[in-house]
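> First residue of the sequence shown: 14, per this note's numbering; consecutive thereafter. Note that CB positions come from ideal geometry on N, CA and C, so glycine has one too. This is the structure I have questions about; it appears just below.
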Amino acid sequence: MSIEFQVPDMTCGHCVKTITSAVNQAVPGATVAADVASHRVTVTGTDQADKVEAAIREAGYEPARV
Numbered sequence: 014m015s016i017e018f019q020v021p022d023m024t025c026g027h028c029v030k031t032i033t034s035a036v037n038q039a040v041p042g043a044t045v046a047a048d049v050a051s052h053r054v055t056v057t058g059t060d061q062a063d064k065v066e067a068a069i070r071e072a073g074y075e076p077a078r079v
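What follows is the structure, given as structure tokens:
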């Protein structure tokens with residue numbers, strides 16, 4: 014299962030690290046793939062979309078589920 018988010022305010026490698034860290038803390042074992050160019054974050058290994066979205070928001074970003 015994978016969960017995708019559009020994160021328009023993810024603009025650099027630091028953003029990717031911050032989001033990855035936040036998701037990994039909220040959902041241990043999940044895998045995060047982020048593409049800065051398309052502003053897309055894909056999370057696999059979990060079906061806890063609400064928890065992932067909350068973690069990204071708490072990290073300071075505005076995710077929208079795709």
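Where T31 and A72 are concerned, what is the direct C-alpha to C-alpha distance, given to the nearest angstrom?
Position 18 of the sequence shown, counted from the start, is the residue given in the question as residue 31. Position 59 of the sequence shown, counted from the start, is the residue given in the question as residue 72. Spanning the two alpha carbons is a distance of roughly 7 Å.
> When you compare only the Cα positions, how much space is there between A50 and E66?
By one-based count along the sequence shown, residue 50 stands at place 37. By one-based count along the sequence shown, residue 66 stands at place 53. Spanning the two alpha carbons is a distance of roughly 20 Å.
> Pop quiz: I16 and V56 are said to be a contact at Cβ under 8 Å. What is the actual Cβ separation, rounded to whole angstroms?
Counted from its first residue, the sequence shown places residue 16 at position 3. Counted from its first residue, the sequence shown places residue 56 at position 43. Correct: roughly 5 Å between the Cβ atoms.
> Could you pull the start and end residues of the beta strand (DSSP E) that T57 belongs to?
For the purposes of this step, residue 57 is taken as residue 44 along the sequence shown, with counting starting at 1. Residues R53 to T57.
> Assign Q38 to one of three DSSP states: helix, strand, or coil.
Taking the first residue of the sequence shown as 1, we reach residue 38 at position 25. In the structure shown, Q38 sits in a helix (DSSP, three-state: H, G or I).
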